[in-house]
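Worksheet for the structure shown next.
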Amino acid sequence: MMKRISIIATAILFISAAFTATAADSVLLQYNPAAGTTTKYQMNLKGNTTVAAYGRSQTTNLETNMLIQQKVTGVDRVGNVTMETLIMDGKILINGQATQLPELGNLTTVKMAKDGEILEQSEGMGDATQQNAQMQIRFPKTPVSVGHTWKSRIEPNPQLPIPMETTYEIVSLTEMVNGEKCAVIKSTVTTDKAAGGSINLDVRADGTIWFAYEKGIMLRNEVRSRMLMLMQNDMGDGNKENIQTRMNLILRMDVVK
280 MMKRISIIAT AILFISAAFT ATAADSVLLQ YNPAAGTTTK YQMNLKGNTT VAAYGRSQTT
340 NLETNMLIQQ KVTGVDRVGN VTMETLIMDG KILINGQATQ LPELGNLTTV KMAKDGEILE
400 QSEGMGDATQ QNAQMQIRFP KTPVSVGHTW KSRIEPNPQL PIPMETTYEI VSLTEMVNGE
460 KCAVIKSTVT TDKAAGGSIN LDVRADGTIW FAYEKGIMLR NEVRSRMLML MQNDMGDGNK
520 ENIQTRMNLI LRMDVVK
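If you read the sequence shown in the numbering used here, its first letter stands for residue 280, the second for the next number, and so on.
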């Protein structure tokens, strides 16, 4: 059961997580906020999960709200950014019942390159925060224009034993959000459908990221995702029980003051 929950959380974070001029022809996308920059995000994740096992089926409605603060504590001479992330407030609703966020109040630190590559991260990170950092969006090292696409891939690991791939596409370089010029980036997350041992995971997520390229920060992220996971539970004496989990989620993150 705990392994199944860990895989679901990792998949959510991945889909979740994944994140120039007025008429620019091409733009070099980089994380380049100035030292001292503090950004707050309001995140809402809403959906449902249905588990079918042992001849029964149960649907659970889920909603998570979080207020997240990111503060740039340093920028070195080559532009690598050191950033602290704090979950300031939030709650999880499971069928309308409130549950405390497991990482509420935790302060974590990540050092990343301008293109989003994670260089260092806190040893004391919780599993969810650590997985989220590992799945940070990485930008191309060369300027991009409308129509440009690129891909990133997460190889199988103990938390997620099936590879996942994200395809990004630039659809606009001129859209304004909160007075900032943004690159609008469409994202599509998929998994290889081959079984990973006793687990078969199929994920499809379609999202849009608004990245303020002059400030070097994300302003908005919207994702709609679905997941189907099939597992076999060893019951002993050679007997195995199939467990099917379906999840549908809508995520939205916005900069707030």
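Ideal Cβ placement from N, Cα and C applies to all residues, glycine included.
A direct Cα-Cα distance of roughly 26 Å separates residue 449 from residue 317. For the pair of segments examined, the stretch 384-396 was found not to touch the stretch 339-346: the number of CB pairs separated by less than 8 Å stays below three.
Here residue 491 is buried. Its C-beta has 16 or more other C-beta atoms within 10 Å. In the structure shown, residue 356 falls within a coil segment according to DSSP collapsed to helix, strand and coil. Taking the Cα positions, residue 372 is about 18 Å away from residue 384. Under the Cβ criterion (8 Å, minimum of three pairs), the stretch 421-429 does not count as touching the stretch 345-356. In the three-state reduction of the DSSP assignment, residue 485 falls in the strand class, which pools E and B.
For residue 525, the enclosing beta strand (DSSP E) begins and ends at 518-535. In the DSSP secondary-structure assignment, residue 490 is bridged to 462, 497. When secondary structure is reduced to three states using DSSP, residue 387 falls in the strand class. In the structure shown, residue 425 adopts coil according to DSSP, grouped into three states. Residue 306 and residue 454 have their alpha carbons spaced roughly 14 Å apart. In the DSSP assignment, residue 420 falls outside any beta strand (DSSP E), carrying neither H nor E. Taking C-beta atoms as the reference points, residue 486 and residue 452 fail to come closer than 9 Å.
The shortest CA-to-CA distance from residue 459 to any of 489, 434, 484 is the one to 489.
Going by DSSP, residue 306 is part of no beta strand (DSSP E) at all; its letter is neither H nor E.
In the DSSP assignment, residue 339 forms a beta bridge with 328.
Residue 481 has its alpha-carbon roughly 9 Å from the corresponding atom of residue 443. Residue environment for residue 521: exposed (fewer than 16 other C-beta atoms within 10 angstroms of its C-beta). By the CB criterion at 9 Å, residue 398 and residue 359 fall inside the cutoff.
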